[in-house]
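**Q** Before anything else, here's the structure in question.
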Amino acid sequence: MTNENRKAKNVIAVLGAGPGIGLAVARKFGHEGYQVALLARNAAKLDGFVSTLASEGIDAAAFPCDVSESAQLVTALKNVKARFGGIDVLEYGPTAEAASLVAPRKITLDNVTPVFARILLGAVVAVNEVLPDMLERRRGALLFTAPASAITPVLFSSNLAIAAAGLRNYASSLYVDLARDGIYSGMVTIAGLIVEGDTQRKQNLAADARKPGDPGWDEYRDFHEDRAAHIVAADVAETMWTLCQERDREEVVLGDPQVCHRMREAAMREASAG
0 MTNENRKAKN VIAVLGAGPG IGLAVARKFG HEGYQVALLA RNAAKLDGFV
50 STLASEGIDA AAFPCDVSES AQLVTALKNV KARFGGIDVL EYGPTAEAAS
100 LVAPRKITLD NVTPVFARIL LGAVVAVNEV LPDMLERRRG ALLFTAPASA
150 ITPVLFSSNL AIAAAGLRNY ASSLYVDLAR DGIYSGMVTI AGLIVEGDTQ
200 RKQNLAADAR KPGDPGWDEY RDFHEDRAAH IVAADVAETM WTLCQERDRE
250 EVVLGDPQVC HRMREAAMRE ASAG
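Following numbering that gives the first Met the number 0, the numbering of the sequence shown begins with 0 at its first residue and continues without gaps.
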């Protein structure tokens, strides 16, 4: 019996699944009748998410892997297809750790390569693994998330911004290229902070590698404490569901799209004053 014949429900694979957007997307699609595959590095956390979803009547399973390690990611996605019979929707939303973010003048091959592997190259690997089946069936969806710095870069996360800009370009190109084949590619760009997890993020701020007086650190602190709009993860999930169903737009920006512009203007004013 083929995988397609075994599939009873649609399946979504959530890559980079965490307690914010990832869990919210899993919950939304699960309540809409999807089976859910959760992929991330932390097996214990994934098991907790599976239990949470199961308590809500959602069929979910964990597939621990590091999305920046191509072999691990391919194996995990093959295991998803073996377990569920296929993947109808791929949601790719890994984030970079705060301590890995650097300003433009501090970018090196060593600190930009891991971010590219996690944010952009992992997406390419994942798409390559699921796309052939989607093309054969002439249906499917690829969903991505990126920070607003993918559009307007800011100082504190420049290595992330250039990787995210590449991801945004990739998603946009897929939107056009795959339309003729009945496959959708869409992106939700996050112009602000996801409420879930924000408290822990602030607690980690003081322990970060940056020091007061460092412009990049100051900008990072201002962004997290003062400037950024707060976004509910469930709203991101609802937006992804809407994009996936309507397929009439390639991108939605949630939050305050001007936040990065204001931060750049503030940095330029400070530079002029100095």
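Every residue gets a Cβ at the ideal spot worked out from N, C-alpha and C, and that includes glycine.
With a 10 Å radius around its C-beta and 16 neighbouring C-beta atoms as the bar for buried, classify Asp247 as buried or exposed.
**A** Asp247 comes out exposed.
**Q** I'd like the list of long-range same chain contacts for Leu61, defined as Cβ closer than 6 Å, with 5 residues on each side in sequence excluded.
**A** This sequence places Ala at residue 61; Leu is not what is there. These residues qualify, in order along the chain: Leu37, Leu45, Asp46, Val49.
**Q** Quick one, are the C-beta atoms of Ala147 and Ala97 less than 8 Å apart?
**A** No, the Cβ-Cβ distance between Ala147 and Ala97 is not below 8 Å.
**Q** I'd like to know if Leu89 contacts chain D, where contact means its C-beta is closer than 8 Å to some C-beta of that chain.
**A** Of the chains in the structure shown, none is chain D; there is only one protein chain.
**Q** Excluding five sequence neighbours on each side, which residues of the same chain lie with their C-beta closer than 6 Å to the C-beta of Leu76?
**A** So the qualifying residues of the chain are Glu128.
**Q** What are the partner residues of Ile189, as DSSP defines its beta bridges?
**A** Pro146, Leu253, per the DSSP bridge assignment.
**Q** Should Val175 be labelled buried (16 or more other beta-carbon atoms within 10 Å of its own) or exposed?
**A** Its Cβ having fewer than 16 others within 10 Å, Val175 is exposed.
**Q** Look up Ala61 in the DSSP assignment and say whether it is helix, strand or coil.
**A** DSSP places Ala61 in strand when its eight states are reduced to three.
**Q** Might you give, ordered along the chain, the residues of its own chain that have their beta carbon closer than 8 Å to the beta carbon of Val10, omitting 5 neighbours on each side?
**A** Closer than 8 Å at Cβ, skipping near neighbours: Tyr33, Gln34, Val35, Ala36, Val79, Phe83, Gly84, Gly85, Ile86, Asp87, Val88.
**Q** Pick from Ala39, Ser67, Val252, Leu130: whose alpha carbon is nearest that of Gly121?
**A** Of the listed residues, the one whose Cα sits closest to Gly121 is Ser67.
**Q** Hey, could you find the ends of the beta strand (DSSP E) Ala36 is sitting in?
**A** 34 to 38 is the extent of the beta strand (DSSP E) around Ala36.
**Q** So, do the region 225 to 245 and the region 157 to 171 have three or more beta carbon pairs nearer to each other than 8 Å?
**A** The answer is no - the region 157 to 171 does not touch the region 225 to 245, with fewer than three Cβ pairs under 8 Å.
**Q** Identify every residue that forms a DSSP beta bridge with His30.
**A** His30 pairs with nothing; no bridge assigned.
**Q** If I measure Cβ to Cβ from Ala95 and keep anything under 7 Å in the same chain, skipping five residues before and after, which residues do I get?
**A** Excluding positions up to five away in sequence, the list reads Val114, Arg117, Ile118, Leu159.
**Q** For Leu253, count the other beta carbons within 10 Å of its own beta carbon; 16 or more makes it buried, fewer makes it exposed. Which is it?
**A** So Leu253 counts as buried.
**Q** Indicate, with yes or no, if the ligand FMN has a heavy atom lying under 7 Å from the CB of Glu250.
**A** The model depicted lacks the ligand FMN and carries no ligand whatsoever.
**Q** Reducing DSSP to helix, strand and coil, say where Gly15 ends up.
**A** Coil.
**Q** Give me whichever residues DSSP pairs with Tyr299 in a beta bridge.
**A** This structure gives no information on residue 299, because the portion of the chain shown stretches from 0 to 273.
**Q** Along the chain, where does the alpha helix (DSSP H) that runs through Asn9 open and close?
**A** It is not in any alpha helix (DSSP H) - Asn9 carries neither H nor E in the DSSP assignment.
**Q** Drop a sphere of 10 angstroms on the beta-carbon of Met239, count the other beta-carbons inside from all chains shown, and report buried for 16 or more, exposed for fewer.
**A** Per the 10 Å Cβ criterion, buried.
**Q** Return yes when the Cβ of Val153 is within less than 8 Å of the Cβ of Arg263, no when it is not.
**A** Yes, they are a contact pair.
**Q** In chain order, what residues of the same chain have a beta carbon less than 6 Å from the beta carbon of Ala12, not counting five sequence neighbours either side?
**A** So the qualifying residues of the chain are Ala36, Val79, Ile86, Leu89.
**Q** What residue from Ile182, Tyr91, Leu134 has the CA that sits closest to Ala276's CA?
**A** Here the chain covers residues 0 to 273 and nothing more, so residue 276 does not appear.
**Q** So what does DSSP say about Ile20, is it helix, strand or coil?
**A** In the structure shown, Ile20 sits in a helix (DSSP, three-state: H, G or I).
**Q** Tell me which residues share the same chain as Met133 and place their Cβ nearer than 7 Å to its Cβ, disregarding the 5 neighbours each side in the sequence.
**A** Here the set comprises Gly139, Ile182.
**Q** If I'm right that Val73 touches Val126 with Cβ under 8 Å, what's the distance once you round it to whole angstroms?
**A** Not confirmed; about 12 Å, so no contact.
**Q** So Glu269 is in the alpha helix (DSSP H); what residue range does that whole segment cover?
**A** Looking at the DSSP string, the run of the alpha helix (DSSP H) that includes Glu269 is 258 to 272.
**Q** Please report the straight-line C-alpha distance between Leu100 and Ala163, rounded to a whole angstrom.
**A** One C-alpha to the other measures close to 12 Å.
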